[in-house]
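So the structure is just underneath, and the comments pick up after that.
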Amino acid sequence: MLRIISVFFLIALFSGNIKSQESGKGCTDPAAKNYDITASVNNGSCTYKTTVYNPPFKYLLPEEVQETSGLIYFDKAIWTINDGGNDPILYKLDRETGTVTARITFTNAGNTDWEALAQDEEYVYIGDFGNNRGTRNDLHVLKISKKDITGSGDSNVSSEFIFFSYPDYTGTVDKKKNNNFDCESMICIGDSLYLFSKNRGDNKTKLYRLPKQEGNYKADLIDSFDVRGLITGADYNKTTKEVTLLGYTNKTWLPFLWLLYDYEDNDLFSGNKRRIDMLNIPATQTEGIAYVDGRNCIITSEGRKLFTQTAYDLNTGKWIEDRKHEADTGELLLPEITATPNPMTGKRLIVHMKDLSKGTCIIKLISEDGSLVTTKKLLVKEEHQSLQTKLKTHKLKPGNYQLQVHTGTRVINLKCTKL
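If you're matching positions, the sequence shown starts at 5 in my numbering and goes up one per residue.
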């Protein structure tokens, strides 16, 4: 009887391992606490150690933009707005000094509670959806063409309007000061605008989607995420497909970031979600963030009685990408991999790797269905070291495979084919 039970137990255990390996899902970020070497598909389960970082001071902003509440970068300049009750003006700032170089005044719109800026290749979007009491029925986004504001000097502009309402809003809120229908953050991806709510009620954020065409819509509620605070700014890096959320803790005003990356399609909360606490920034309300080039960002905070409106520098590559620089040239060195022969025709695949990070390097070969075919660990003794290794391929079935090299905090992929 015991022998039969043991056999069944082994079969169940073996079957479970096969299913787990076939699914290939888990935490794929080597920087995470729960990194899974066998995982080839990121399921959003990565967790990280508490990370504290204090971005360096850049400059003080002029009094004219004391209530800076949104940020974008284009035309080699920073653009910002003041929040509710101020004039309906979009300000252009010199990137290096923060000086106001142009003022774009809206002739057909007021500033009920402007809170966010977003952009695509042709248009700028301004979110007039600040909703402190949770009872506004005139939420909308202003839309203007970049062609109408690019250049130097002050000018006037007329905007289009995108009106909307929330699908989960019933017309009343239980606690006006602690409602979950305020919003101060917006990004543009593809044909849609994505809004992140500022929930004083539960310290989460809800993700809504809107068309970016003029009209009147009911927003789509996509998802929610426990950010443990209030989200007040966001930006999207089209090149790296990262989303950065900016905010501060409710009632204690401690700034933080959430980095969203390696997600599937536009399911923004499905990938890695890493929090960066900025405990020592002397600011009450950090409300603007924008990518300016690569992973370099600028953060702005509002001015108050005790604090002056301020800009800070930030580079998200510190956590998302292992950035290594040549000592002499300052040139950015990123790991490189090649594989021969490719297509695979013999019994072995030779993997050549350059500029690896010191520590453990992990090589994986993954089939089209996400199954882990083989894995190998190598010890890299020095920074920027080059290594070569061989993987057995004679038993592989014909088809496409993904070669992955995990080094430092980076994952490099290469498509390989078996004939």
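By construction, the Cβ of each residue, glycine as well, lies at the ideal position given by its N, Cα and C atoms.
Inset, instruction - Determine, using beta carbons only, whether Thr236 and Thr320 come nearer to each other than 8 Å. - result: no
Inset, instruction - Measure the beta-carbon distance from Asn141 to Asn115 and round it to whole angstroms, keeping in mind my assumption that it falls under 8 Å. - result: Rounded, the Cβ-Cβ distance is 17 Å, inconsistent with contact.
Inset, instruction - Label His398 either buried or exposed according to how many other C-beta atoms from any shown protein chain fall within 10 Å of its C-beta, with 16 as the threshold for buried. - result: When all chains shown are included, His398 counts as exposed.
Inset, instruction - Look at the alpha carbon of Asn136 and the alpha carbon of Glu188, and state the distance between them as a whole number of angstroms. - result: 10 Å
Legend entry - Candidates Asp230, Lys277, Met190, Tyr39, of which the one nearest Ala120 by Cα: Met190
Legend entry - Beta-carbon proximity check, Ser49 vs Asn58, cutoff 8 Å: The answer is no: Cβ separation not under 8 Å.
Inset, instruction - Could you tell me which of Ala343, Cys365, Ile108 sits nearest to Leu395, measuring between CA atoms? - result: Ala343
Inset, instruction - Drop a sphere of 10 angstroms on the beta-carbon of Pro92, count the other beta-carbons inside from all chains shown, and report buried for 16 or more, exposed for fewer. - result: Classification for Pro92: buried.
Legend entry - Nearest-angstrom Cβ-Cβ length linking Ala294 and Leu94, presumed shorter than 8 Å: Contact flag wrong, Cβ pair sits at about 14 Å.
Legend entry - At least 3 beta-carbon pairs within less than 8 Å: the segment 204 to 211 vs the segment 220 to 232: yes
Legend entry - Residue(s) in a DSSP beta bridge with Gly403: Lys422
Inset, instruction - Quick one: grab the DSSP three-state call for Lys181. - result: helix
Legend entry - Residue nearest to Leu199 in terms of C-alpha spacing, selected from Asp178, Ile416, Lys222, Gly88: Looking only at Asp178, Ile416, Lys222, Gly88, the smallest Cα-Cα distance to Leu199 is reached by Lys222.
Inset, instruction - Take the Cβ of Lys147 as the centre, count every other Cβ of all protein chains shown within 10 Å, and call the residue buried at 16 or more, exposed below. - result: buried
Legend entry - Residues bridged to Trp323 (per DSSP): According to DSSP, which records beta bridges pairwise, Trp323 is partnered with nothing at all.
Legend entry - Given Lys422 as reference, the closest of Ile416, Thr411, Gly138, Leu407 once Cα atoms are compared: Leu407
Inset, instruction - Taking Ala343 as part of the beta strand (DSSP E), name the residues at either end of that continuous run. - result: 340 to 344
Inset, instruction - Name the one or two DSSP bridge partners that Lys201 has. - result: Reading off the sequence, residue 201 comes out as Ser, not Lys. For Ser201, which the question treats as bridged, DSSP gives the partners Cys187.
Legend entry - Which residues DSSP lists as bridging Tyr77, in chain order: Ile82
Inset, instruction - Spell out a yes or no on whether the segment 306 to 314 and the segment 257 to 269 are touching, meaning 3 or more CB-CB pairs, one atom from each, closer than 8 Å. - result: no
Inset, instruction - Under 6 Å Cβ to Cβ from Ile341, same chain only, skipping five residues before and after it: list those, please. - result: Met357, Val409, Ile416, Leu418.
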